[in-house]
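Engineer:
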Amino acid sequence: MQPRTEVVFSSDVANMDAWAQRTHIPLTTAEALGATYARAHRWFQALRLALVRQHGWTDSPSPDHRILFSIETSSIWRSSVGLPAGPKHQLYLPVHASSFFSPERRVQWEMVFHSDIFESVRKICPPINDILYLIQCLLTGLVTVVFEEHLPQGIHRTSRGLPPVAWVNENEVALTEIFGVSHFAALRKACGDTKASYMLQVSR
Numbered sequence: 009m010q011p012r013t014e015v016v017f018s019s020d021v022a023n024m025d026a027w028a029q030r031t032h033i034p035l036t037t038a039e040a041l042g043a044t045y046a047r048a049h050r051w052f053q054a055l056r057l058a059l060v061r062q063h064g065w066t067d068s069p070s071p072d073h074r075i076l077f078s079i080e081t082s083s084i085w086r087s088s089v090g091l092p093a094g095p096k097h098q099l100y101l102p103v104h105a106s107s108f109f110s111p112e113r114r115v116q117w118e119m120v121f122h123s124d125i126f127e128s129v130r131k132i133c134p135p136i137n138d139i140l141y142l143i144q145c146l147l148t149g150l151v152t153v154v155f156e157e158h159l160p161q162g163i164h165r166t167s168r169g170l171p172p173v174a175w176v177n178e179n180e181v182a183l184t185e186i187f188g189v190s191h192f193a194a195l196r197k198a199c200g201d202t203k204a205s206y207m208l209q210v211s212r
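In the numbering used here, the protein residues as written are 9 to 212.
1) In whole angstroms, give me the CA-to-CA distance for Val16 and Val60.
2) Would you mind listing the alpha helix (DSSP H) stretches within the segment 85 to 145 that are 4+ residues and don't spill past its ends, in chain order?
3) Between Phe108 and Leu170, how many whole angstroms is the CB-CB distance? I'm expecting something under 8 Å.
4) Using only alpha-carbon positions, find the residue among Arg113, Ala193, Arg114, Arg168 that is nearest to Asn179.
5) Tell me, please, which residues DSSP counts as bridged to Phe155.
6) Check the DSSP bridge columns for Asp67 and list the partner residues they point to.
7) Quick check on Ser19: does DSSP put it in helix, strand or coil?
8) Could you check where the beta strand (DSSP E) with Gln209 kicks off and where it finishes?
9) Can you confirm whether the segment 69 to 85 touches the segment 142 to 156 when touching is taken to mean that 3 or more C-beta pairs between the two stretches lie within less than 8 Å?
10) Give the single residue among Tyr206, Ser211, Ala40 whose Cα lies nearest to the Cα of Ala105.
11) Counting only the same chain and skipping the five closest in sequence on each side, list residues whose C-beta sits under 8 Å from that of Lys96.
12) Rounding to the nearest angstrom, what Cα-Cα distance links Glu185 and Leu208 in this structure?
13) Check each candidate in Ile163, Pro111, Cys199 and name the one with the smallest Cα separation from Arg174.
14) In angstroms, rounded to a whole number, what distance separates the CA positions of Asn177 and Leu142?
15) Report the option in Ala38, Ala43, Gly162, Tyr100 whose CA atom is closest to the CA atom of Leu55.
16) Can you tell me whether Leu99 sits near the ligand FAD, meaning its C-beta is under 7 Å from at least one heavy atom of the ligand?
17) Less than 8 Å between the CB atoms is what I'm expecting for Arg168 and Ser211, so what's the real figure, rounded?
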């Protein structure tokens, strides 16, 4: 079986706590996480605007006041006659970080992060990667990139919970505005440490 890479959404707080221990960046209170996420709104909106202006996405306003933004684009896959081969991709994010942990909305967020947007589109659309990486910084463990290999010793699942350190360095100013100097320093250190930013699970 060919190795595969997928983006995995998990709102399991125990999983996030395991990442906090691995990265040495402790989980704070729900209120503090929410405040940090709120400071990232402007960056999320800038990425939305980049997708609309430079990558052909369109705004699809949601009547749900809990949604920060909602945008859509046609499928990147094409039929033999050049028409979109599949439904439109829809991307939306919540106003409040707490929405990610609402049990009744778990499937909704799985549909976003387990979709082709993060499976395929992000590989050719930098703002999608930026959204993924920013969420990894804000809520480490909520969204991971998982590489799965079937080896003779069993199934090896390598999860990356943080973005590459090069991305963190490129965005130092914006990240420092959101997190502050000391938290940013801890974040950059964790991103540059393979043991902190990756987690290996082996099942037989």
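Ideal Cβ placement from N, Cα and C applies to all residues, glycine included.
Structural biologist: Answer, in terms of the structure:
1) By 1-based counting over the sequence shown, the position of residue 16 is 8. By 1-based counting over the sequence shown, the position of residue 60 is 52. So the alpha carbons of these two residues sit roughly 25 Å apart.
2) 114 to 121, 124 to 127
3) Here residue 108 refers to the residue found at position 100 of the sequence shown. Here residue 170 refers to the residue found at position 162 of the sequence shown. Contact flag wrong, Cβ pair sits at about 17 Å.
4) Stepping through the sequence shown from its first residue, residue 179 is reached at position 171. Measuring from the Cα of Asn179, the nearest candidate turns out to be Ala193.
5) As a working note, residue 155 is residue 147 in the sequence shown. Note: Phe155 sits in a beta bridge opposite Thr13, Thr166.
6) Here the question's residue 67 lines up with position 59 in the sequence shown. BP columns for Asp67 point to Ile79.
7) On the sequence shown, position 11 is the one that residue 19 refers to. Coil, per DSSP.
8) On the sequence shown, position 201 is the one that residue 209 refers to. Element bounds for Gln209: 206 to 211.
9) no
10) Position 97 of the sequence shown, counting from 1, holds the residue named residue 105. Ala105 has its Cα closest to that of Ala40, out of Tyr206, Ser211, Ala40.
11) Against the sequence shown, residue 96 aligns to sequence position 88. Around Lys96: Glu80, Thr81, Ser82, Ser83.
12) Counting from one through the sequence shown, the residue named residue 185 turns up at place 177. Counting from one through the sequence shown, the residue named residue 208 turns up at place 200. C-alpha separation (whole angstroms): 32 Å.
13) By 1-based counting over the sequence shown, the position of residue 174 is 166. The sequence shown places Ala at residue 174, rather than the Arg named in the question. Taking only the C-alpha atoms, the option nearest Ala174 is Cys199.
14) Position 169 of the sequence shown, counted from the first residue, corresponds to residue 177. Position 134 of the sequence shown, counted from the first residue, corresponds to residue 142. Each residue's alpha carbon lies about 13 Å from the other.
15) Along the sequence shown, read from residue 1 onward, the residue named residue 55 stands at position 47. Nearest of Ala38, Ala43, Gly162, Tyr100 to Leu55, Cα basis: Tyr100.
16) The ligand content of the structure shown is nil, which means the ligand FAD is not present either.
17) Indexing the sequence shown from 1 puts residue 168 at position 160. Indexing the sequence shown from 1 puts residue 211 at position 203. 18 Å between Cβ atoms; not a contact.
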